[in-house]
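Just so you know, we're using UniProt numbering here: the sequence shown kicks off at 1 and counts up by one.
Yeah, the Cβ is synthetic: ideal placement off N, Cα and C, and Gly gets one too.
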Amino acid sequence: MVKMTDRLCFLIRIISTAYFADPFDRLSDEVILHIFKWLPKKTLLACGEVSHRFNRVSKDETLWVRLDLSCRRIKTDALSDILNRGIVVLRMSQASIVRADNMSEAEFSHRTKLQYLDLSMCTVDKDVLCALLSSCRSLIKLSLENVPLNEQICAEIAANPTLESLNLTMCPGITATAMRTMAKGLTKLQSLNVGWAYLSSEAVTELVHNLTPHMLRLNLAGCRSTLANEGRAIPI
Numbered sequence: 001m002v003k004m005t006d007r008l009c010f011l012i013r014i015i016s017t018a019y020f021a022d023p024f025d026r027l028s029d030e031v032i033l034h035i036f037k038w039l040p041k042k043t044l045l046a047c048g049e050v051s052h053r054f055n056r057v058s059k060d061e062t063l064w065v066r067l068d069l070s071c072r073r074i075k076t077d078a079l080s081d082i083l084n085r086g087i088v089v090l091r092m093s094q095a096s097i098v099r100a101d102n103m104s105e106a107e108f109s110h111r112t113k114l115q116y117l118d119l120s121m122c123t124v125d126k127d128v129l130c131a132l133l134s135s136c137r138s139l140i141k142l143s144l145e146n147v148p149l150n151e152q153i154c155a156e157i158a159a160n161p162t163l164e165s166l167n168l169t170m171c172p173g174i175t176a177t178a179m180r181t182m183a184k185g186l187t188k189l190q191s192l193n194v195g196w197a198y199l200s201s202e203a204v205t206e207l208v209h210n211l212t213p214h215m216l217r218l219n220l221a222g223c224r225s226t227l228a229n230e231g232r233a234i235p236i
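Set out below in structure tokens:
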């Protein structure tokens, strides 16, 4: 009777294997990766929860070069996890970045590969924005239109020596010290927009006295009343 039971279990296992074998086991990781390239990012995230293998393949950096999270609401822990996938181009205009309940200082501790970051009209706390920018050191283009700043945030911006284009339109909080830090740190800057940022005359003076010779486009719209004769002559 025992032998019969053992044989029955063996037969059931063979039948189960034959009828329920995973067809993806016949495919290489390269083939699965090629399939994943055609999937929307939301579907790709869902695929990562199917199995350990899918999770590993779904995190391949070639799948996460660009990402558009515009007008989305995202928590800091989810954003940190996404950035760790190697994203190079990230668009988050009009998005809302929400602090996670368990947010720690290590949330954005890893250096990202971000080169193009659009946070125009994004809703985010200043300390969260500062932490996010502290993980970026290879930015080429950055937009923070209508996002409140402070000196610490501006210092993190200035820590990107590769930055070529910076949009700070309508950004409150740019002090003279912050402007000096950015003007001296961003030596490769070619385009700067600080239109309607309501800069003080001291901030404008710091900008024009420390202007990089690589500057090609400078927008000071709305600063006419604060421009001194000295400051007006230097950009020209």
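Between arginine 72 and alanine 100, the CB-CB gap reaches or exceeds 8 Å. Around the beta carbon of aspartate 29, a 10 Å sphere encloses fewer than 16 other beta carbons of the protein chains shown; the residue is thus reported as exposed. As the crow flies, the alpha-carbon of glycine 185 is around 30 Å from that of lysine 75. The Cβ-Cβ distance between methionine 121 and asparagine 146 falls below 8 Å. Looking only at Val88, Glu61 and Arg53, the smallest Cα-Cα distance to lysine 141 is reached by Val88. If you draw a straight line from the Cα of valine 128 to the Cα of leucine 114, it is about 17 Å long. CA-to-CA, the gap between leucine 79 and arginine 217 works out to about 32 Å. By the criterion of a C-beta distance shorter than 7 Å, leucine 139 is surrounded in its chain by Leu114, Gln115, Leu117, Asn160, Thr162 and Leu163, once the five residues flanking it on both sides are discounted.
Cβ atoms of glycine 195 and asparagine 210 stay farther apart than 8 Å, at about 19 Å.
Approximately 7 Å separates the beta-carbon atoms of leucine 69 and arginine 91; this is inside 8 Å, confirming the contact. Restricted to the segment 95-137, the beta strand (DSSP E) segments that are unbroken, complete and at least 3 residues in length are 96-98 and 116-118, listed in chain order. Taking the Cα positions, aspartate 60 is about 21 Å away from glutamate 107. The C-beta distance from serine 135 to threonine 169 rounds to 24 Å, too long to meet the 8 Å contact threshold. The continuous stretches of alpha helix (DSSP H) do not include leucine 220, and DSSP gives it neither H nor E. For the 8 Å CB-CB criterion, threonine 175 and valine 204 do not form a contact. The alpha carbon of valine 31 has as its nearest neighbour, out of Asp81, Ser58 and Val208, the alpha carbon of Ser58. In the DSSP assignment, no residue is bridged to serine 93. Counting other Cβ atoms within 10 Å of its Cβ, alanine 197 reaches 16 or more and is therefore classed as buried. Annotation for serine 143: Asp118, Ser120 and Asn167 place their beta carbon closer than 6 Å to its own, counting only its chain and skipping 5 residues before and after. Taking the Cα of histidine 52 as reference, the smallest distance to any Cα among Ser200, Asp25, Glu202 and Leu83 is reached at Asp25.
For cysteine 130, same chain residues with a beta-carbon under 7 Å away, outside a window of 5 residues either side, are Gln152, Ile153 and Glu156 in chain order. Within the UniProt domain "F-box" (21-67), the complete alpha helix (DSSP H) runs of at least 4 residues fall at 29-36, 41-47 and 52-58.
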